[in-house]
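Since the structure comes first, as structure tokens, the remarks are kept for the end.
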Amino acid sequence: MGLKTPLYDTYASQGAKIIDFGGWDLPLSFGSQLEEHHAVRRNAGVFDVSHMGIVDLEGARGREFLRALLANDVGRLGSAGRALYSCMLLPDGGVIDDLIVYFMTESWFRLVVNAGTRQKDLKWIAEHAVPYDLAVRERTDLAMLAVQGPQARAKTLTLLSAVNRPRALEIARFSAAPIDAWFVARTGYTGEDGFEIMLPAADAARTWSALLAQGVAPAGLGARDTLRLEAGMNLYGNDMDENHHPLESGLAWTVAFDPAGREFIGRKALEKARGAAGGRELVGLVLEERGVLRSHQSVSAVGGSGDARGGAAIGEVTSGTFSPTLNCSIALARVPKGAGPRVLVDIRGKPHAARVVKPPFVRDGKALIEI
Numbered sequence: 360m361g362l363k364t365p366l367y368d369t370y371a372s373q374g375a376k377i378i379d380f381g382g383w384d385l386p387l388s389f390g391s392q393l394e395e396h397h398a399v400r401r402n403a404g405v406f407d408v409s410h411m412g413i414v415d416l417e418g419a420r421g422r423e424f425l426r427a428l429l430a431n432d433v434g435r436l437g438s439a440g441r442a443l444y445s446c447m448l449l450p451d452g453g454v455i456d457d458l459i460v461y462f463m464t465e466s467w468f469r470l471v472v473n474a475g476t477r478q479k480d481l482k483w484i485a486e487h488a489v490p491y492d493l494a495v496r497e498r499t500d501l502a503m504l505a506v507q508g509p510q511a512r513a514k515t516l517t518l519l520s521a522v523n524r525p526r527a528l529e530i531a532r533f534s535a536a537p538i539d540a541w542f543v544a545r546t547g548y549t550g551e552d553g554f555e556i557m558l559p560a561a562d563a564a565r566t567w568s569a570l571l572a573q574g575v576a577p578a579g580l581g582a583r584d585t586l587r588l589e590a591g592m593n594l595y596g597n598d599m600d601e602n603h604h605p606l607e608s609g610l611a612w613t614v615a616f617d618p619a620g621r622e623f624i625g626r627k628a629l630e631k632a633r634g635a636a637g638g639r640e641l642v643g644l645v646l647e648e649r650g651v652l653r654s655h656q657s658v659s660a661v662g663g664s665g666d667a668r669g670g671a672a673i674g675e676v677t678s679g680t681f682s683p684t685l686n687c688s689i690a691l692a693r694v695p696k697g698a699g700p701r702v703l704v705d706i707r708g709k710p711h712a713a714r715v716v717k718p719p720f721v722r723d724g725k726a727l728i729e730i
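Each residue of the sequence shown is one higher than the one before, starting from 360 at the first, in the working numbering.
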């Protein structure tokens with residue numbers, strides 16, 4: 360038996376297909392993964408993401424600490440209620456984790472980290488926080504729901520009438536007791552509008568049921584993965600990890616090299632990588648033949664004369680799936696810079712032609728690439 364979120368009994372009673380996901384018992388689906396995917400793209404769906412790690416940093420030097428810890432610059436958060444996506448790096452530039460940091464007050468920042476990395480993240484954060492005299496507190500008393508889709512905000516706000524309408528990457532608190540307040544963030548992992556709601560664990564089941572009563576579809580890990588890949592969003596352990604830096608993982612936009620005087624863990628390694636010739640990058644692939652792209656499939660170059668047999672591998676698919684929205688197979692792949700415009704992907708020992716594109720593939724329900 361794995362770890363369970365406060366909603367385990369609720370979705371188990373609703374017939375969810377439950378699988379082991381990084382040591383957690385979580386729903387793969389509540390029926391048809393395809394229907395759950397389309398529900399989020401066309402209406403609204405809700406995911407239980409309570410397995411994610413919620414970490415509060417409390418103390419006067421929180422901003423100073425995070426500016427040194429993260430590759431993106433928390434100094435950009437000028438007003439309470441704003442949020443920032445960033446990577447947390449090793450000195451050699453490898454990605455320990457990607458996370459979101461919320462600026463609550465000058466003495467309180469909240470981080471949301473990945474479930475599979477939460478223990479190493481907590482250890483890393485706590486060790487580096489010591490000189491800054493910060494309290495690091497994991498919020499195991501909270502649950503987290505992600506309500507996503509074009510109707511997600513409207514359906515959620517009918518239940519949460521006390522909330523202001525937050526802008527993208529912004530939060531709104533629900534009570535005057537800041538550390539224990541409910542709040543919603545206009546963030547997500549699907550490429551659709553919506554909210555991520557952090558709330559007391561005791562309120563999770565009631566809120567889940569109320570959302571379903573509003574016509575929000577329950578959705579599981581299967582749909583979450585096809586949605587995030589269509590949106591061109593990285594999955595930790597696939598598209599980024601400790602062996603790859605952000606610049607070769609499609610995450611250069613999350614690294615703040617300015618101001619030049621800000622020292623953060625991994626900066627020197629990234630500056631060296633940025634100045635080096637060649638290198639690799641994360642690109643999107645669209646399969647031009649029948650088949651399904653999957654992680655770890657090898658990618659090779661098309662011969663100079665258009666030879667479709669393929670040669671030596673030049674890269675690898677990091678994430679791949681069949682896209683329900685586009686009705687074709689798509690992937691992210693790490694390849695040398697300038698590879699393409701077409702490559703070959705080895706599927707069960709046979710080369711298949713794929714077109715190189717710039718992610719994302721889908722955003723706000725609309726295709727961003729030609730099929």
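Here a beta-carbon is modelled for each residue, glycine too, at the ideal position from N, C-alpha and C.
Bear in mind that the values here come from a model prediction, so they are computed numbers and not experimental data.
Check                                                                                                                                                                           : Outcome
Can you give me the C-alpha to C-alpha distance between residue 604 and residue 517, rounded to a whole angstrom?                                                               : 42 angstroms
Could you tell me the boundaries of the beta strand (DSSP E) in which residue 711 lies?                                                                                         : 709–716
At which residues does the alpha helix (DSSP H) containing residue 395 begin and terminate?                                                                                     : 392–401
Any idea what DSSP makes of residue 428, helix, strand or coil?                                                                                                                 : helix
Count the other CB atoms, across all protein chains shown, that sit within 10 Å of the CB of residue 514; report buried if there are 16 or more and exposed otherwise.          : buried
Go ahead and label residue 535 buried or exposed: buried means 16 or more other beta carbons lie within 10 angstroms of its beta carbon, across all protein chains shown.       : Here the model assigns residue 535 a pLDDT of 37, short of 50, so the residue's position is not dependable and the matter cannot be decided.
Going by the DSSP bridge assignment, what does residue 623 pair with across the sheet?                                                                                          : The partner list for residue 623 (beta bridge, DSSP) is empty, contrary to what the question assumes.
If you count every other CB in all the chains shown that lies within 10 Å of the CB of residue 674, and 16 or more means buried, which is it?                                   : buried
So, with DSSP's three-state summary, where would you put residue 417?                                                                                                           : strand
My parser needs the beta strand (DSSP E) runs of 3 or more residues fully inside the region 650–702; what are they?                                                             : 657–660, 672–682 and 687–695
Can you give me the C-alpha to C-alpha distance between residue 379 and residue 385, rounded to a whole angstrom?                                                               : 6 angstroms
Taking the alpha helix (DSSP H) that residue 552 belongs to, which residues open and close that run?                                                                            : Taken as a continuous stretch (DSSP letters only), residue 552 belongs to no alpha helix (DSSP H), as it is neither H nor E.
Between residue 591 and residue 719, which are expected to be in contact by the criterion C-beta below 8 angstroms, what is the C-beta distance as a whole number of angstroms? : 3 angstroms
When the Cα atoms are used, what is the spatial distance from residue 467 to residue 617?                                                                                       : 24 angstroms
Just the Cα atoms here: how many angstroms apart are residue 439 and residue 475?                                                                                               : 29 angstroms
Note the first and the last residue of the continuous beta strand (DSSP E) segment covering residue 378.                                                                        : 376–380
My output table needs one value for residue 383: the three-state DSSP class, helix, strand or coil.                                                                             : strand
Which of helix, strand or coil does DSSP assign to residue 507?                                                                                                                 : strand
As a quick exercise: from 487, 707, 559 and 551, pick the residue whose alpha carbon is nearest that of residue 512.                                                            : 551
Please state if the CB of residue 597 and the CB of residue 682 are separated by a distance shorter than 7 angstroms.                                                           : no
If I'm right that residue 814 touches residue 658 with Cβ under 8 angstroms, what's the distance once you round it to whole angstroms?                                          : Only positions 360 to 730 of the chain appear in this structure, which leaves residue 814 out of reach.
To test your reading of the DSSP string, which unbroken beta strand (DSSP E) runs of 3 or more residues are found completely within the region 563–587?                         : none
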